[in-house]
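The sequence shown: position 7 = 6 (numbering that gives the first Met the number 0), numbered continuously. Virtual Cβ for every residue (Gly too), placed ideally from N, Cα, C.
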Amino acid sequence: MKNYEKMVESNHQMNQNKIDLAVSEIQKMLDENLRVAVGELVKRTGLSRGFFYKNGEVRRALDRAQDLQSGKTFVKPQQVILDKAMEKQLLLVKRQLANAQEENQTLKEENQRLQRALKKKELNFIKSL
């Protein structure tokens, strides 16, 4: 009988540890302004999805957190980094485009100057005949 009681107590303690872990992780996500979602909690805690849905205490904490966050928009930190990198890349490409357009304009002007010089030489050649 003592073994059974020890086993029940051990299971109860393990379950309480899981609940504490889940609730503390939910609170940590709230503090860090991260979106509280079951998938992210599963990754962070290693607990199953079912645990977050079936355990009443954890479910209440999850629902409270999601209610607190309703209406907020969240941006993933990775997305912010990617957006900044893309903006830098866009600026670089715009600079390259401006340089290419400037070079193109310079070459057009030089081409026109050379065309006029060529016509002038041809005209002088014809006159000399």
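Which residue marks the beginning of the alpha helix (DSSP H) containing G38, and which one marks its end?
V37 to T44
With a Cβ-Cβ cutoff of 7 Å, do E24 and T44 count as a contact?
In this structure, T44 lies closer than 7 Å to E24 by Cβ.
7 Å Cβ cutoff met for L61 and K17:
Here L61 is not near K17, since their CB atoms are 7 Å or more apart.
Is the stretch 33-42 touching the stretch 62-72, taking contact as three or more C-beta pairs under 8 Å?
yes
When we look at the beta-carbon of L40 and count the other beta-carbons within 10 Å, is it buried (16 or more) or exposed?
Under a 10 Å Cβ-count criterion, L40 is classified as buried, with 16 or more other Cβ atoms of the shown protein chains found around its own Cβ.
For L128, the first and last residue of its enclosing alpha helix (DSSP H):
Where L128 is concerned, there is no enclosing alpha helix (DSSP H), given that its DSSP letter is neither H nor E.
Mapping DSSP to helix, strand and coil, what is R63?
It is helical.
Between the CA atoms of Q104 and L117 - distance to the nearest angstrom:
20 Å
May I ask you to report which of helix, strand or coil DSSP gives E4?
helix
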